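In terms of full-length UniProt numbering, the sequence shown opens at residue 1 and continues consecutively.
Beta carbons: idealized from backbone N, C-alpha and C, even for Gly.
None of these values were measured; they are calculated from a predicted model.
Written out below as C-alpha cells is the structure these notes cover.
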Amino acid sequence: MSSIKQKRKRKVVQGQVNEDCQDNAPSAKDGSESGACMLWQKSPDLWYLELVVSGWRVSARSDASKREKREKGWEKRCSKAARNRWKKVTAIALFEELENNEDEYRVSSKLKAPSLVTTFRRNARSGIEQTQFDSMAEIMKTISLVPRVDRYIWSLENDGSFSVASIRKTLDDNRFQEESLSTRWVKSVPIKVNILAWKVKSNALPTRFNISRRGMDIDSIDCPICKMGVETTSHVFFQCNVVRQVMRKISSWWNVEYMEVNSYEEWRSWLVSTRIRSNIKVIIEGIYYGLWWVMWNFRNKILFDTKIPEKVLIFDNLVSSSFYWFKYRCKASFK
Numbered sequence: 001m002s003s004i005k006q007k008r009k010r011k012v013v014q015g016q017v018n019e020d021c022q023d024n025a026p027s028a029k030d031g032s033e034s035g036a037c038m039l040w041q042k043s044p045d046l047w048y049l050e051l052v053v054s055g056w057r058v059s060a061r062s063d064a065s066k067r068e069k070r071e072k073g074w075e076k077r078c079s080k081a082a083r084n085r086w087k088k089v090t091a092i093a094l095f096e097e098l099e100n101n102e103d104e105y106r107v108s109s110k111l112k113a114p115s116l117v118t119t120f121r122r123n124a125r126s127g128i129e130q131t132q133f134d135s136m137a138e139i140m141k142t143i144s145l146v147p148r149v150d151r152y153i154w155s156l157e158n159d160g161s162f163s164v165a166s167i168r169k170t171l172d173d174n175r176f177q178e179e180s181l182s183t184r185w186v187k188s189v190p191i192k193v194n195i196l197a198w199k200v201k202s203n204a205l206p207t208r209f210n211i212s213r214r215g216m217d218i219d220s221i222d223c224p225i226c227k228m229g230v231e232t233t234s235h236v237f238f239q240c241n242v243v244r245q246v247m248r249k250i251s252s253w254w255n256v257e258y259m260e261v262n263s264y265e266e267w268r269s270w271l272v273s274t275r276i277r278s279n280i281k282v283i284i285e286g287i288y289y290g291l292w293w294v295m296w297n298f299r300n301k302i303l304f305d306t307k308i309p310e311k312v313l314i315f316d317n318l319v320s321s322s323f324y325w326f327k328y329r330c331k332a333s334f335k
C-alpha cells in the first residue's frame, strides 16, 4: 500500500488505499487500483478489518472461529455442484454478513427478486460469465416453491419416502447383468440340481477363472479334468472334451440330434429348436441338469479327494441318478 490516510473516531479507523496493479490485472490510467479499508477495534484482542479494492472485498477478524463458521454457512448455501458448474458466476456472488440478516437470506427472497442481478456484486461480463449467468437464469425459471417446511426427499420412491427395497433394487440393477433368458426350474430333479443349473446360467460358480478374476492367488487356472483350457463355466460344462463325449452319449440314448455348443445360451437354443414331444424335452433338460451336477462333483473330487475318480463312470452315474429322480419325481412317460 503506497499511502493510507487515517482518522480515529470511537476506535474506528477508515482509510483510502492505492494498490499497484499486477500483471494482466484491470487498472486505471495511472497504473493503480483505488479502494477503501475500515478497522473496528473493541479491545486490543478484538478487532475486525475490511478491505475493498477494485470490486473485491476481503475481511479479517481476530475472532477466527466466528469467521470460519460464517464461511461454512455460505458453503452450505452454495453447493459444490453449483459452484463447479458456474465457477465464473459464483465468483462474483455477494458474500453478505449473515449474523444480523439470517432471516432475510432465504431462497424465497431470491426467487421473488425481479432479477438475479441483485444477487451479485456486479453485472456479468461478456463471455463465459454471461453464458453461465444465462444458464443459471434459465434453470431458475423452472423452480417453483410450495408453502411447506423443507424436508428430505428420497428420489428412488414416487412418494419421497425411504425404503430398503428401493435401494436394494437400485444396487441390483447396477451390479448384476441383465439376463436375456429367464431362469428354468425343472421339477423332475432335486432343488440342489436346479440351483447348480441356475449358477451355470449366471456364471456364479467358483471356477478357477472366476476365483483368479476376484484377485485370489491360485496355482493354475487350467481345467483339472482335461488340462486343455482355462477352467471357465462354459468350458467345464460345454467345451471340455469329457463333457462333450457324455453329451454325445445322451443324444444317442434319447435319439436326438447332437450339436456341439459352447455356452448356456447356445445349449438353450439347441434344446428349444429340437423337435420332440414336450414331456420328453423336459426330461432331457433335467438330464442335462444332472450332467452338470455329475460333472461338478467329478471336478471337485479331482481337486479335493485323495482318490481320483474314473471318467468312464460319469455317464453311468448320470443314468443311475436321473433314473431315480424321474421315477419318483416325474409323471411323464419314458415311452
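| Query | Result |
| --- | --- |
| For A165 and R244, the rounded distance between their alpha carbons | 43 angstroms |
| D222 - partner residues in DSSP beta bridges | V230 |
| Boundaries (first-last residue) of the alpha helix (DSSP H) holding E265 | 264-273 |
| Alpha-carbon spacing of V261 relative to S155, whole angstroms | 45 angstroms |
| Cutoff 6 angstroms; reference W267; Cβ partners in own chain excluding five residues on either side | V261 |
| Euclidean distance between Cα positions of V236 and S163 | 41 angstroms |
| Beta-carbon gap between S188 and R329 smaller than 8 angstroms | yes |
| Distance CB(P224)-CB(L303) smaller than 8 angstroms | yes |
| Unbroken alpha helix (DSSP H) run spanning L156, endpoints | Premise fails: L156 is in no alpha helix (DSSP H) and is neither H nor E. |
| Proximal residues to A124 (C-beta, below 6 angstroms), its chain only, five neighbours per side dropped | Q130, F133 |
| Endpoints, alpha helix (DSSP H) assigned at S286 | Before going further, note that residue 286 is Gly rather than Ser in the sequence given. Per DSSP, G286 belongs to the alpha helix (DSSP H) from 278-304. |
| Per-residue DSSP class, three states only, for T183 | coil |
| Beta-carbon proximity of I218 to V230, cut-off 8 angstroms | no |
| Check whether S263 and S234 have beta carbons under 8 angstroms apart | yes |
| Inter-stretch contact (C-beta, 8 angstroms, three-pair minimum) for the segment 271-287 and the segment 208-215 | no |
| Rounded straight-line distance, which links the Cα of Y152 to that of F238 | 52 angstroms |
| Three-state class that DSSP yields for A204 in the structure shown | coil |
| Test item: CB-CB of G286 and L318 under 8 angstroms | no |
| Start and end residues, alpha helix (DSSP H) containing M136 | 128-141 |
| Closest residue to N297 among S321, N279, V282 (Cα-Cα distance) | S321 |
| Rounded separation between E138 and E50 - CA only | 35 angstroms |
| Nonlocal neighbours in the same chain, by C-beta distance under 7 angstroms from A25, ignoring five residues either side | Since pLDDT at A25 reaches only 39, below the 50 mark, its modelled position is unreliable, and no value is offered. |
| Y288 burial status per 10 Å Cβ neighbour count (16 or more: buried) | buried |
| Backbone CA spacing between W292 and L196 [nearest angstrom] | 8 angstroms |
| Contact belief for V256 with I284 at Cβ below 8 angstroms, rounded distance in angstroms | 7 angstroms |
| Bounding residues of the alpha helix (DSSP H) (the contiguous stretch that carries D217) | Taken as a continuous stretch (DSSP letters only), D217 belongs to no alpha helix (DSSP H), as it is neither H nor E. |
| Outcome for R248 when other beta-carbon atoms lying within 10 angstroms are tallied against a minimum of 16 | exposed |
| Burial state of V149 (16 or more Cβ within 10 Å) | exposed |
| A197 in three-state terms, based on DSSP | helix |
| Proximity of V246 and I308 at Cβ, strictly below 8 angstroms | no |
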